[in-house]
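Number of protein chains: 2
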Amino acid sequence: MRTLNVDLGDRSYPIHIGEGLLDDPRFFAPHIRGRQVAIVTNETIAPLYLERLQKTLADYAQIAVVLPDGEAFKQWETLQLIFDALLQARHDRKTTLIALGGGVVGDMTGFAAACYQRGVDFIQVPTTLLSQVDSSVGGKTGINHPLGKNMVGAFYQPQAVVIDAASLRTLPARELSAGLAEVIKYGLICDEPFLAWLEAHVEQLLALDSAALAEAIERSCAAKARVVGADERESGVRATLNLGHTFGHAIETHMGYGVWLHGEAVAAGTVMALQMSHLLGWLTAAERDRGMRLLRRAGLPIVPPKEMTAEHFLEHMAVDKKVLDGRLRLVLLQGLGAAVVTADFPREILEETLRTDFQALADQLGEH
Amino acid sequence: MRTLNVDLGDRSYPIHIGEGLLDDPRFFAPHIRGRQVAIVTNETIAPLYLERLQKTLADYAQIAVVLPDGEAFKQWETLQLIFDALLQARHDRKTTLIALGGGVVGDMTGFAAACYQRGVDFIQVPTTLLSQVDSSVGGKTGINHPLGKNMVGAFYQPQAVVIDAASLRTLPARELSAGLAEVIKYGLICDEPFLAWLEAHVEQLLALDSAALAEAIERSCAAKARVVGADERESGVRATLNLGHTFGHAIETHMGYGVWLHGEAVAAGTVMALQMSHLLGWLTAAERDRGMRLLRRAGLPIVPPKEMTAEHFLEHMAVDKKVLDGRLRLVLLQGLGAAVVTADFPREILEETLRTDFQALADQLGEH
């Protein structure tokens, strides 16, 4: 078992990473103030892990809230199910919400915790790779709006993150790959040695090798904890974590939430950011291709949806949260492992990026 | 013009109190970071003050969101109108929301600001006495849930509170009285000299005497700012501001939001707290009657709804936010000007309070 710390003053919290943590009350008890807990999960995860976690938390008065599964349900009506259950069971301000599931469950449970009675405690128990390495750490919570992803939410930190890496054994291969998109992102934005390590271990990760997974999760969480500790509310460096996300959000919004997995959209969006960085002269073609090749080896799409035109992207990106004072800010790379957030690029380069034939780029990559 | 300060470290903000402030850009400009403002108001206030405030803020790109009026609309569907408007007009993270109206507008606008893109700035411009002396100061924001009032919300501080006392001239008499319930509350919980001042000036306040109103608003805001500065998140002394509110919320919930005005419910609830304090031996009958008499002179109900039984109260109070670990905590008085928050009372005294014939108590009061 390994423990990292997210350093945020009086909102600091630990990330516990290991196998079998789900069954061990010692990782939960120190973070629960009251006598009530509410486990929030979804229809897919409940049959796999709910009973085990209920047994681990047998000492508490507990309720379980089982939400429908999927990004399409990351909305107010679903959130309301959590409030309904808490109020019906008369949970008070000392209750602790426990998010058992992937990013959607974590984001909604965290936002429910931020809002219920103006704020109660919560613990993240992420069961997907994507949520383990990204969304469960850092306190971004929220729901989608028909006009934009994550447009309604809060910065609200959990009391702890408990990552049971064994839960990845039940994760569909497609979702494992989606999680790897965010893992690869850390290498690209701030850790070139990690990128090289991933190139050497991507097959082991896809084969669920325990040691490789633990290493990848820990290095990813450590990178995220470092960035969040330096910039909790995303006024600066934290925005680099959004590499590929502005393009990716446009894909998710255009295709309808849940059609492309978040990690898949981020992968294609990352390729677009790599290409734009290349067109700006900041990355060589070989560096761009190195990123694309690793994403493809991880089982991820590296070509945006064929039905999306440049105009579609521009339209969706205009309402992105990264837009400040009407200027579009993007995360780009000035080298592998060196991300910047910038609005300082010619509009024509963005348009050239959006008109790139990514299929042709992919076709010329070769195998390794 | 008078300015008070709410002292909350890096979340500190000023309260400006005066006549005609609505027309003066100098009270707004220092608190607006970006180029966009969104004025949120309601159907009643818009015809009276919206155009004036739009003119004052003519230098900014602005939208106006006009909500339906009333506590019944303090709910998610109405909040959604604010998000819709912000997203349609592509307001970014640097936008400033401006709450122009009473407590419902202020609570919803503040909560919308807390959640929109995980938090944007807002300014309170309260136009009712109740919101000027209470809800606009202190950062409590939120909406109601069918199972309880203010059950979903956030602690989120404004950038400034701008109180134009001249707006009270358009306030219905019933709402002026409702505001006085909270003004009297400050005297009862922490400022006996203010209580005596109110006894001497209640007729002037009801007649909208400018000097008396400014004095009452300032002393109320000063009391609130002091308490909030000492305990922003209501872990202790701030809870004393809820005198009469636990009983009052039960009245509002039972009668349906908006049937009794919040201040009216608080007035009747305060009488119940006075009576319970008396039954505990903490207030003399004369002290209880002094509070009741002042509330009645202010035009407020001092008898709870006849259709509400003791059982109704107990049922509604069991889900109140003041319930911790299953124990009901109430704000009671150990003397006029000396409130305590306590769960340390015999259950029978609470039940005796709920069975009191308040009409008979009112009938024996006499005139002054």
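Protein sequences, first through last, are from chains A and B. Each residue of the first sequence is one higher than the last, beginning at 1 in this note's numbering. Each residue of the second sequence is one higher than the last, beginning at 369 in this note's numbering. Backbone N, C-alpha and C define an ideal beta-carbon position, used for all residues, glycine too. For clarity, every value in this text was computed on a predicted model and none was experimentally measured.
Rounded distance between the beta-carbons of residue j and residue i, thought under 8 Å
i	j	result
residue 223(A)	residue 248(A)	Rounded, the Cβ-Cβ distance is 19 Å, inconsistent with contact.
residue 187(A)	residue 180(A)	The pair is not a contact, with the Cβ atoms about 11 Å apart (cut-off 8 Å).
residue 52(A)	residue 157(A)	About 26 Å separates the two Cβ atoms, so there is no contact after all.
residue 558(B)	residue 385(B)	The pair is not a contact, with the Cβ atoms about 20 Å apart (cut-off 8 Å).
residue 629(B)	residue 642(B)	That belief does not hold up - the Cβ atoms of residue 629(B) and residue 642(B) are roughly 20 Å apart, past 8 Å.
residue 621(B)	residue 517(B)	6 Å
residue 264(A)	residue 301(A)	5 Å
residue 143(A)	residue 74(A)	5 Å
residue 546(B)	residue 578(B)	Not a contact, Cβ separation roughly 20 Å.
residue 493(B)	residue 467(B)	6 Å
Contact set for residue i: own chain, Cβ-Cβ below 7 Å, skip 5 residues either direction
i	result
residue 170(A)	48
residue 202(A)	294, 297 and 298
residue 258(A)	70, 71 and 72
residue 499(B)	470, 471 and 474
residue 303(A)	268, 358, 359 and 362
residue 431(B)	406, 453 and 457
residue 343(A)	327, 328 and 329
Min CB distance residue i to chain A below 8 Å
i	result
residue 401(B)	no
residue 520(B)	yes
residue 508(B)	yes
residue 523(B)	yes
residue 513(B)	yes
residue 487(B)	yes
residue 451(B)	yes
residue 609(B)	no
residue 698(B)	no
residue 455(B)	yes
Beta carbon of residue i nearer than 8 Å to that of residue j
i	j	result
residue 552(B)	residue 454(B)	no
residue 153(A)	residue 111(A)	yes
residue 60(A)	residue 37(A)	yes
residue 639(B)	residue 623(B)	no
residue 471(B)	residue 503(B)	yes
residue 352(A)	residue 279(A)	yes
residue 531(B)	residue 464(B)	no
residue 444(B)	residue 197(A)	no
residue 240(A)	residue 317(A)	no
residue 155(A)	residue 233(A)	yes
Proximity to residue i [Cα-Cα], best of the options
i	options	result
residue 172(A)	216(A), 299(A), 95(A) and 238(A)	299(A)
residue 107(A)	486(B), 481(B) and 471(B)	486(B)
residue 109(A)	347(A), 250(A) and 159(A)	159(A)
residue 713(B)	513(B), 676(B) and 644(B)	644(B)
residue 725(B)	710(B), 696(B), 684(B) and 675(B)	675(B)
residue 19(A)	241(A), 217(A) and 199(A)	217(A)
residue 83(A)	245(A), 56(A), 74(A) and 116(A)	116(A)
residue 704(B)	574(B), 561(B) and 604(B)	561(B)
residue 733(B)	443(B), 581(B), 492(B) and 654(B)	654(B)
residue 610(B)	677(B), 695(B), 700(B) and 394(B)	700(B)
residue 56(A)	27(A), 227(A) and 155(A)	27(A)
residue 145(A)	508(B), 447(B) and 467(B)	447(B)
residue 213(A)	290(A), 329(A) and 133(A)	133(A)
residue 506(B)	519(B), 529(B) and 488(B)	529(B)
residue 618(B)	515(B), 422(B), 383(B) and 418(B)	515(B)
residue 495(B)	481(B), 702(B), 606(B) and 389(B)	389(B)
residue 231(A)	25(A), 140(A), 94(A) and 50(A)	140(A)
Minimum Cβ-Cβ distance from residue i to chain B less than 8 Å
i	result
residue 238(A)	no
residue 148(A)	yes
residue 46(A)	no
residue 230(A)	no
residue 13(A)	no
residue 90(A)	yes
residue 114(A)	yes
residue 369(A)	Residue 369(A) cannot be examined here, being either before or after the span of chain A that is shown, 1 to 368.
residue 282(A)	no
residue 260(A)	no
residue 76(A)	yes
Neighbourhood of residue i by C-beta, 6 Å cutoff - its chain only, sequence neighbours within 5 removed
i	result
residue 544(B)	497
residue 167(A)	127
residue 355(A)	310
Same chain only: Cβ atoms within 8 Å of residue i, ignoring 5 sequence neighbours per side
i	result
residue 229(A)	6, 7 and 8
residue 680(B)	618 and 622
residue 460(B)	402, 404 and 485
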